[in-house]
Amino acid sequence: MPRYAAVDIGSNSVRMMAAEVSGRRTQILAEDRQVTRLGESVFRTGRISEEALTFLCANLAKMAGVYGRLSVVGVRAVATSAVRDASNQDEFLQRTSAALGTNVEIISVAEEARLIHLGVEARWPRPKERTLIIDVGGGSAEIIVSQNGQLIDAVSKPLGAVRLTEVFLKTDLPTDDELRRLHAYIEEKMAPFHRTHGQEKFQRAVVTSATAGAIVSAANGISRAKRDEADRVCARAP
């Protein structure tokens, strides 16, 4: 059975997964995640810092070694929000592609939404339900409407966890004024989506990413060591 690897270079972390594929069944052979916080420097200065890029490339080389030993027949490596915004994209692509031994793509917002939708439908298929999918990354949040297993609408908003922290939250704990400004910004960015879809009814909502996992873990008392359990838990709003 063929083996493949995927690498997702996000604004906050890099993930790698290698798997063996048989029809629609997938057996995970190896996976890794490292926090890189590429977005910290991009959202402050417009560039990926030398420190962040060097750290990322070192981890990419280790990941390439892992899936290289598994004799994968194909690798897809993609980069998202922070790299789309970075002024030093050419250097990023040259160095990360060299570290991985395969070309890295900077994917569009539309392609990112398509891949998120495919992942949700593959893992939690309920094709007859109207579904709201929200992926909260480090640099952006993708909001997707799905019906009958098809992507109906998708928007990307600059509402990633790292971006919002860098722009609005300067203190720990945040001040009331910082939180007011943050909430106002989120409302402003989400207003067009609310106007279009605010009156619609959804049978389910799926929120993905490590940020979502952290929120679910906190809401349900799941320790960091058992964070993977959050993948099977529904967060219940108060």
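Under numbering that gives the first Met the number 0, the first residue of the sequence shown is numbered 0, with each subsequent residue one higher.
Every residue, glycine too, gets a C-beta built ideally from N, C-alpha and C.
Note that the structure is a prediction, hence the values are computed from the model and not measured.
Go ahead and pull the three-state DSSP assignment for residue i.
i, result
"P237", "Any reading at P237 needs caution, since the residue's pLDDT is 39, under 50, leaving its predicted position unreliable; the model's value is listed next. If DSSP states are grouped into helix, strand and coil, P237 belongs with coil."
"E187", "helix"
"S222", "coil"
"S12", "strand"
"R24", "strand"
Could you check whether the Cβ of residue i sits closer than 8 Å to any Cβ belonging to chain C?
i, result
"T79", "Any reference to chain C falls outside this structure, which holds one protein chain only."
For residue i and residue j, what's the separation of their Cα atoms in angstroms?
i, j, result
"R235", "R129", "Here the model assigns R235 a pLDDT of 45, short of 50, so the residue's position is not dependable and the matter cannot be decided."
"A183", "A78", "29 Å"
"S12", "Y66", "18 Å"
"F192", "Q202", "18 Å"
"A241", "A153", "Residue 241 lies beyond the stretch modelled for the chain, which goes from 0 to 237, so this question has no answer here."
"E199", "S145", "12 Å"
"N102", "L59", "12 Å"
"A18", "D171", "40 Å"
"G220", "E90", "42 Å"
"E120", "V206", "13 Å"
"E104", "A81", "13 Å"
Going by DSSP, what residues sit across from residue i in a beta bridge?
i, result
"T210", "Bridge partners of T210: none, in fact."
"A18", "Y3, I27"
"R32", "R14"
"R203", "T130"
Identify which residue in the options has its Cα closest to the Cα of residue i.
i, options, result
"R32", "R125, S145, V103, G9", "G9"
"E187", "T44, P126, P157", "P157"
"D134", "K169, T95, G159", "G159"
"D84", "V74, I106, T95, S96", "I106"
"L69", "N147, V82, E30", "E30"
"A204", "R125, M0, I221", "R125"
"Q149", "E165, K127, G136, V161", "K127"
"I151", "K169, L131, W123", "L131"
"R43", "L92, R162, F54", "R162"
"S155", "A190, L52, S48, F167", "A190"
Of all the alpha helix (DSSP H) runs that stay within the bounds of the segment 107-180, which reach a length of 4 or more residues?
-> 108-122, 160-167
Write down every uninterrupted run of the beta strand (DSSP E) in the segment 34-106 whose length is 3 residues or greater and which is fully enclosed by it, in chain order.
-> 73-78, 103-105
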